[in-house]
Amino acid sequence: MTHQNAKSPLRAFIKQIETEAIYDGHLSLEYGFLPARVPQKTLPATFKPWEDFAEKIQDFLFVANPQAVLEQMPLLQAEQLEDEYLPYASTLLSLLAHAYWRLGNSYYTLRMSMVSAYLPESILTPWQIVNSRLGRFNDKVNLPFQNAYDLFLNNWKFIDQKNQVNPDGSYDKNQLLIENLEPLIPSFGNEAERVFYMSFVEMHLYASKMIVPITRLQDGILSDDFKIVCQELDEITGLVKLCTKAFQKISPHPNSPTYCDPVLWAKTVGIMGVPHDKYPQGGTSGTGTPLMHTLDALLERSKLASTYGQYVQNESLPKLPSYLIDYVMAIRKVSINEYLKQKEGAVAETELNRSYQALVEAYAGENGFLGVHIGKIMNYLATGTLVGRNESTSGHERYIYRKTWEEVAQDLEQSRIERITHNAGRVIRNTEELTEHNADIILNKWTRAEVACHRYEDDLWIIIGNKVFDLTSFIKHHKGGFYLLTAYAGNDVSRFFAYVQNHKLIANNKFLKGELVESDLHGEQKDLYQLWHALLDDILLIGGILKIQYGHTFSSESREQANQYSLVLTGSAHHHFVNEHLHQVVTHLERIAASVNSPLVSAFKAILDLDAYTKLSRVENCNLTDFKAEKVSANQSDQQAQEDHKEELLQRMQGFRALDTNLIEKMINTTIETMGAEAKELPEFYRHQLTVLYGIIELYVKGLSK
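The sequence shown begins at 946 in this note's numbering and counts up one residue at a time.
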């Protein structure tokens, strides 16, 4: 059978679609999910205000009241906009809506549950009209939303437009690489945004190239030509591997040419696209991309019991453009699994199974696209949650004290397993199996308190299972970057390690330092000691987080932008510390106090200079000044006042750094001293140290209230 006489339902469907006018997304045999012409900044003059206000979003992190700025935008009649402009209008309006929610209150990362769902009519009304005209409303969706085309696949341009775009707007799709691209309408204009958003474009370059081999695969199955089937499976496998390589370009390492700073990502890029709970989300997460739906359909994923499986079914799929849902169904019309069953016992069986299993491994294997996805997502999600990103694009809230990134790791792993088995359950590995060592090696014994002393970048130990590892020499080579190791320095990472399947490091004996020994206390004293362990773990984690936030540099940004981020994000770090971390510590202290009925005290002022702290704590108005030079009044006296205020804020932020990190260091050291006390002295010594800790907490919180 020749390709010209193909029977492929998918090919027939796409050829039909190519004759129709599609505005919400793209689908063609030549360009796949990508536009045949580069996205352009073109709107009729009447609608230019949308673009003008969208270009202001980059400044919103640093200005006084972005909501007031956006409320000045005029209400335009979107029903008068010609169809060809709808995709660009959808991108602009969705970015303006999310900027109003996320950047319009303060530079502190508020939870969406704390943000009003209100949007001014000048944004909401045209956004509703544009979404309606794009065909996005149905019996399940009646509010506007942002999808993957708005944020990624229609929101790119070549850095070198002159040499990479033809006069008619056509381009070489093979040049759609992260290194060549930048957002058409950036929300922040930083490198983290560019690398992250453009990775979706590059991945969909390869996903688009899968469409033709899938049509030929269907031809081969329908004409019973197993050679064609194997050939096309192998080609698709190669493209999936290229998707994985593109995804891996999102690098947490500063020396990478595609460095995506996890801290900057979390505090800027990661908070955009997060839905308000009153609005549907759409597909600004990976579950809403054509790539994921293509491969799930091809491998005939049928089990959707996991958290993310349910999200795909109930949230993501209904918000795909209708023709993409039909596209997915066209892929499923020809079953590769049924064909494999037909060939059981035939000469072709071995070769077919080899090609099929290679594709499954490339997509859903432990080291395939989804396995790498789990590791990458967990590194960014964990780091992001630790430094203040409190919601993911799926709309799920994330919490430090619950370590919700570990729950996500379980859910993602279950979702991965669903692709390759019908009996997926919670997949949690036994850490003992991953920390085996040569039995001939005599291991030193270490307590948790002793390990906790090694919590610095130049002296970093961790605990996995009952083994102790020295990762000082490995910190710069960790695939997830040094952020997580810094945060978990001196701590027990057994749970996190067990949830991420592609952790291989710890089998290496060269990092093995010894084994953990626990206290031999019993009864009430043992319970109390375990409470101290929990407190130490939390304070250690908070100490690591503060080192990340206050010690972070924005090396890939311009000097002006780096200075702005340093000022604004330090204030954010302090706000996060007060609202998330102190709450966590106080909760543990209350549990400990309940065990021994120790009262609160207001003493030990020498531990904390209350007067100095009270001055520093006046941070409410840090975001009410626009520090960008071009915004400063030409009046010299006003400009000088602005500079003086900026200098005052910088000094205040330096004070936060010193105060917060010193406070945590004192807590850690006090806890370690308590845990190291002789068993018979523990209760009395504990009461003394608890009094000290409560004094610190109370003075700190009292300072905030003034």
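In this text, a Cβ means the ideal position worked out from N, Cα and C, and glycines have one as well.
When only Cα atoms are considered, Glu1610 and Gly1488 end up about 7 angstroms apart.
For the 8 angstroms CB-CB criterion, Pro954 and Val1279 form a contact. With a cutoff of 8 angstroms on beta-carbon distance, Lys1102 and Leu1129 are scored as near each other.
In the assembly as shown, Ala966 is an exposed residue. Its beta-carbon has fewer than 16 other beta-carbons within 10 Å. Arg1277 and Asp1271 have their C-alpha atoms roughly 10 angstroms apart.
In the pairwise beta carbon analysis, the region 1295-1305 is classified as not touching the region 1484-1499: fewer than three pairs are separated by under 8 angstroms. In the three-state reduction of the DSSP assignment, Asp1356 falls in the helix class. Here Asn1083 carries a coil assignment [DSSP, helix/strand/coil]. For Phe1414, the enclosing beta strand (DSSP E) starts and ends at Lys1412 to Asp1415. The region 1019-1035 makes no contact with the region 1140-1160; the number of CB pairs closer than 8 angstroms stays below 3. Assignment of Ser973 by DSSP, reduced to helix, strand and coil, places it in the strand class. Going by DSSP, Asn1436 is part of no beta strand (DSSP E) at all; its letter is neither H nor E. Here Trp1210 is not near Ala1093, since their CB atoms are 8 angstroms or more apart. Close CB contacts of Asn1282 within its chain, under the 7 angstroms cut and outside five residues either way in sequence, are with Glu1245 (chain order). According to the DSSP assignment, Trp1046 belongs to no beta strand (DSSP E) but to the alpha helix (DSSP H) extending over Leu1031 to Arg1047.
Its chain contains Glu1460 and Leu1461 as the residues whose beta carbon lies nearer than 6 angstroms to that of Asn1411, once the 5 sequence neighbours on both sides are disregarded; these appear in chain order.
Judged by their CB atoms, Ala1044 and Phe1007 are not nearer to each other than the 8 angstroms cut-off. Residue burial is scored here from C-beta neighbours: Lys1455 has fewer than 16 other C-beta atoms within 10 angstroms and is therefore classed as exposed. Cβ neighbours of Lys986 within its own chain (closer than 7 angstroms, five residues either side excluded): Glu996 and Leu1129.
Below 8 angstroms, too few C-beta pairs join the region 1170-1187 and the region 1214-1230 to call them touching: fewer than three. Note on Ile1387: under 16 other CB atoms within 10 angstroms of its CB, so exposed under the neighbour-count rule. Secondary structure note for Asp1404: its beta strand (DSSP E) is the uninterrupted segment Asp1404 to Ile1409. Between Pro1032 and Asn1099, the CB-CB gap stays under 8 angstroms. Residue pairing of Leu1461 in beta bridges, as defined by DSSP: Trp1391. Here Val1140 really is in contact with Cys1205; their C-beta atoms are around 4 angstroms apart, less than 8 angstroms. Restricting attention to alpha helix (DSSP H) runs no shorter than 4 residues, the region 1177-1242 encloses them at 1207-1212, ordered along the chain.
Following the DSSP letters along the chain, one finds Glu1505 inside the alpha helix (DSSP H) bounded by residues Arg1504 to His1521. The alpha-carbon separation between His1423 and Thr1431 amounts to approximately 11 angstroms. Taken through DSSP and simplified to helix, strand or coil, Phe1441 comes out as helix. Lys986 is not bridged by DSSP to any residue. The beta carbon of Thr1036 sits closer than 7 angstroms to the beta carbons of Asp1095, Asn1099, Asn1100 and Ile1130 from its chain, once the five residues preceding and following it are set aside; these are given in chain order. Here DSSP, grouped into helix, strand and coil, assigns Tyr968 to coil. Only exposed fits Ala990, as fewer than 16 other CB atoms lie within 10 angstroms of its CB. For His1526, no alpha helix (DSSP H) segment is defined, and its DSSP state is neither H nor E. Runs of the alpha helix (DSSP H) lying entirely within the region 1282-1324, each at least 4 residues long, are 1294-1309 in chain order.
Residues Tyr1045 of the same chain have their beta carbon placed closer than 6 angstroms to that of Leu1015, with the five preceding and five following residues left out of the count.
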